[in-house]
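Read top to bottom, the protein sequences are chains E and Z.
Going by the numbering used here, the letters in the first sequence line up with residues 1 to 322, in that order.
Going by the numbering used here, the letters in the second sequence line up with residues 1001 to 1322, in that order.
Written out below as structure tokens is the structure these notes cover.
There are 2 protein chains.
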Amino acid sequence: MLVDALRRLLGEAERDRILLGIGDDAAVWQPSRSHRSVITTDSLVENVHFRRETMSLQDAGWRIMAANLSDIAAMGARPVLCTVAVGVPNEHAADELLELYRGIDQAAKTYSCPVAGGDLSKASELFVSVTMIGEVRPSNLKTRAGARPGDVVAVTGMLGASRAGFDVLENRGALSENAMQEATRAHRRPRPRLAEGRWLGASRQVHAMMDVSDGLGTDLQRMCAGSRCGATLDGIPVAPAVVAMASALNQDPQTYALGGGEDFELLVAVYPRAFKHLSKRFRARFGGELYRIGLFEAGSAVRRRAQDGTMTLLAPGWDHFA
Amino acid sequence: MLVDALRRLLGEAERDRILLGIGDDAAVWQPSRSHRSVITTDSLVENVHFRRETMSLQDAGWRIMAANLSDIAAMGARPVLCTVAVGVPNEHAADELLELYRGIDQAAKTYSCPVAGGDLSKASELFVSVTMIGEVRPSNLKTRAGARPGDVVAVTGMLGASRAGFDVLENRGALSENAMQEATRAHRRPRPRLAEGRWLGASRQVHAMMDVSDGLGTDLQRMCAGSRCGATLDGIPVAPAVVAMASALNQDPQTYALGGGEDFELLVAVYPRAFKHLSKRFRARFGGELYRIGLFEAGSAVRRRAQDGTMTLLAPGWDHFA
């Protein structure tokens, strides 16, 4: 894998200051003894990650911020600031660029993460790279490592809506007006779980945390690999729009949602005896549900149990793709 | 100006934590009372900032790191870590990508600035955005503001060699073998002045500092605008290769060097009575010269005095392009 080759080339980061390097949602370092800073970076490229036919530049700006904010949330951190590097085909297309920045600014203000600097280049296609800094108390920092066999697999919300929105916008399937609005909103204006991330980060009952950005199937495998354990999924919460779109596409809604990325919900490993109490407090605090979707197990297999009890292997085990 | 429109849109950054926002070499924030962190970002786009015909991907990797390291140096800071976001036309061109990272890694190791994270995207042309974090003691932080009328304008080295290297590589003029090597090396492997920046940052006699990345003519105007003063340049040090290239192109070497960017020397404003002593200590410490090239003045004009005494206006005054 290329990422592994790069990691070998770049070597182990200075262990005394960089506490967590390439491979988690964000890298962590220690500016002073009482603080941990986290940093993450993510890019959006036109015609690769979005098309103007289906997404405005303002939505694109919001989305790239949401992706970075979600990585900060996944560490249990709060955002501090970000930088924005943009490449634009035509430097005189100021209106378009302002559209992009408007979306960035909306997210920056909504989540208190000011844009502190940037870089503007000419490029043959539009790209935007955001790098974001967050801060977290050392005791609240959560990573992908730490899930233990027996822990509850939980997510902070329903999955698959962003994928359904993408499929609607790409005309792959039709939805009712309400379902369409729900799905396209999830796709264009995802809400990173910042408050939830800080709250879960502060709980000692939460053993591991990451965000679901590439689809639960893939991301759960990553958490299992990071924690050196396996897991079995029992059933995942899906939005009504997802059920409708999956049925329009003749797919199983759960399978559809498992493969859908960019919902930006948080995936957590919770100490089993504490789950009931934690989810009750979560509901009281945030209104939404902390969904129990499975259990971490010994071994390395990541599996899914269907409603009829049959088991599917999602991944043969992290050893094989470590 | 677009940058101003963006600044207005993004508003004033939270004043309590972000101490210096868009517009200096790097943004500054305060992770804790005893520390200042600085952040900067810079991108390199193929066929905009470099062409493979004249620059290897390894050199391109070094250069984008050098540009960011130079911004850190300009604040008087030391680098802590960086993130690298890359867009590549063909994700399977792993060899090419490793070439780029090899150059990044060489700079990362040379200047102790490990790559802590990154992002890899598909893109129709190669781009790389580096974001770098540095740290500095609050008392050592230097910015573009702070130059006072009467201060000496000084630079940490000779200028124009990178431009001469670019012109050689683009076949715009021929040089002797030695001059060519000197110039192409300056263009492909610029050396950011990190040790010098920290040392100058620690001096109370240095009132303002920035790096010369867009050409001394432009950058001195920026320092004057930031410091609300004017300046007169008397003569700038140019490398032998610059004299040769300028003469091959029928240009005045000083004018040629003034317009040449990316030498990554540091431009400083020094308390006049301290300059002689400071430059002596600089020479003893670094071997090279801290060149006195002019004086800051009251007013807003940025001018140049030729050897025959005639004055040229480099900029009518920062009020007009503020």
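Think of the CB as a built atom: it goes at the ideal place given N, C-alpha and C, for glycine as much as any other residue.
Predicted model only: the values in this text are computed from it and were never measured.
Interface partners of residue i on chain Z, CB under 9 Å
{"i": "E:Thr40", "result": "Thr1083, Gly1117, Asp1119"}
Under 9 Å from the C-beta of residue i: neighbouring residues of chain E
{"i": "Z:Lys1122", "result": "Val45, Val48, His49"}
Within chain Z, partners of residue i - CB distance below 7 Å
{"i": "E:Phe166", "result": "Those do not exist, as E:Phe166 stays about 17 Å from chain Z at its closest Cβ, beyond 7 Å."}
{"i": "E:Gly87", "result": "Ser1043, Val1045, Phe1127"}
Beta carbon proximity, residue i to chain E, threshold 7 Å
{"i": "Z:Glu1014", "result": "Model confidence at Z:Glu1014 stands at a pLDDT of 44, short of 50, so the residue's coordinates are unreliable; what they give is reported in the following sentence. Closer than 7 Å: yes."}
{"i": "Z:Thr1131", "result": "yes"}
{"i": "Z:Phe1321", "result": "With a pLDDT of 40 at Z:Phe1321, under the threshold of 50, the modelled position of that residue is not reliable, and the figure given next carries that caveat. Not an interface residue."}
{"i": "Z:Met1001", "result": "Here the model assigns Z:Met1001 a pLDDT of 47, short of 50, so the residue's position is not dependable and the matter cannot be decided."}
C-beta neighbour in chain Z for residue i, strict 7 Å
{"i": "E:Ala27", "result": "yes"}
Proximity of residue i and residue j at Cβ, strictly below 7 Å
{"i": "Z:Leu1044", "j": "Z:Glu1096", "result": "no"}
{"i": "Z:Phe1296", "j": "Z:Leu1290", "result": "no"}
{"i": "E:Tyr69", "j": "E:Tyr111", "result": "The sequence as given places Leu at residue 69 of chain E; Tyr does not occur at that position. Yes, the pair counts as a contact, with Cβ atoms nearer than the cut-off."}
{"i": "E:Leu266", "j": "E:Asp214", "result": "no"}
{"i": "Z:Ser1162", "j": "Z:Asp1263", "result": "yes"}
{"i": "Z:Ile1293", "j": "Z:Leu1200", "result": "no"}
{"i": "E:Met209", "j": "E:Lys280", "result": "no"}
{"i": "Z:Phe1050", "j": "Z:Val1152", "result": "no"}
{"i": "E:Ala145", "j": "E:Ser227", "result": "yes"}
{"i": "Z:Asn1140", "j": "Z:Ala1202", "result": "yes"}
{"i": "Z:Gly1299", "j": "Z:Leu1258", "result": "no"}
{"i": "E:Ala147", "j": "E:Ala164", "result": "no"}
{"i": "Z:Val1302", "j": "Z:Gly1230", "result": "yes"}
{"i": "E:Met65", "j": "E:Ile104", "result": "yes"}
{"i": "E:Trp62", "j": "E:Arg189", "result": "yes"}
{"i": "E:Thr83", "j": "E:Thr40", "result": "no"}
{"i": "Z:Ser1247", "j": "E:Ser129", "result": "no"}
{"i": "E:Asp119", "j": "Z:Asp1042", "result": "yes"}
{"i": "E:Ala225", "j": "Z:Gly1117", "result": "no"}
{"i": "Z:Met1158", "j": "Z:Val1238", "result": "yes"}
{"i": "E:Val270", "j": "E:Val206", "result": "yes"}
{"i": "Z:Ile1236", "j": "Z:Gln1254", "result": "yes"}
{"i": "Z:Gly1160", "j": "Z:Gly1309", "result": "no"}
beta-carbon residue i near the ligand GDP non-hydrogen atom, thresh 6 Å
{"i": "Z:Thr1041", "result": "Questions concerning the ligand GDP fall outside what the structure shown contains, since it holds no ligand whatsoever."}
Residue ranges of each beta strand (DSSP E) run of no fewer than 3 residues wholly in the segment 238 to 273 of chain E, ordered along the chain?
Listed in chain order, the complete beta strand (DSSP E) runs (minimum 3 residues) inside the segment 238 to 273 of chain E are 266 to 270.
Just checking, does the segment 1119 to 1126 of chain Z make contact with the segment 1062 to 1082 of chain Z on the three C-beta pairs under 8 Å criterion?
By the Cβ rule, the segment 1119 to 1126 of chain Z does not count as touching the segment 1062 to 1082 of chain Z, because fewer than three pairs are nearer than 8 Å.
Kindly provide the ranges of any alpha helix (DSSP H) runs that are 4 or more residues long and lie completely inside the segment 63 to 115 of chain E, ordered along the chain.
Entirely contained in the segment 63 to 115 of chain E, the alpha helix (DSSP H) runs reaching 4 residues are, in chain order, 94 to 110.
Does the pairing of the segment 1193 to 1205 of chain Z with the segment 1234 to 1245 of chain Z give three or more beta-carbon distances under 8 Å?
Remark: fewer than three beta-carbon pairs, one from each stretch, lie closer than 8 Å, so the segment 1193 to 1205 of chain Z and the segment 1234 to 1245 of chain Z are not flagged as touching.
List, from N- to C-terminal side, the alpha helix (DSSP H) runs of 4 residues or more that fit wholly inside the segment 111 to 193 of chain E.
Fully contained in the segment 111 to 193 of chain E are the following alpha helix (DSSP H) runs of length 4 or more, in chain order: 161 to 169, 177 to 188.
Please give the ranges of any beta strand (DSSP E) in the segment 26 to 60 of chain E, keeping only runs that are unbroken, at least 3 residues long and fully inside the region.
Those beta strand (DSSP E) runs which fall completely within the segment 26 to 60 of chain E and span 3+ residues are 27 to 29, 36 to 45.
Length-filtered (3 minimum) beta strand (DSSP E) runs lying within the segment 1200 to 1244 of chain Z
Listed in chain order, they are 1206 to 1211, 1230 to 1233.
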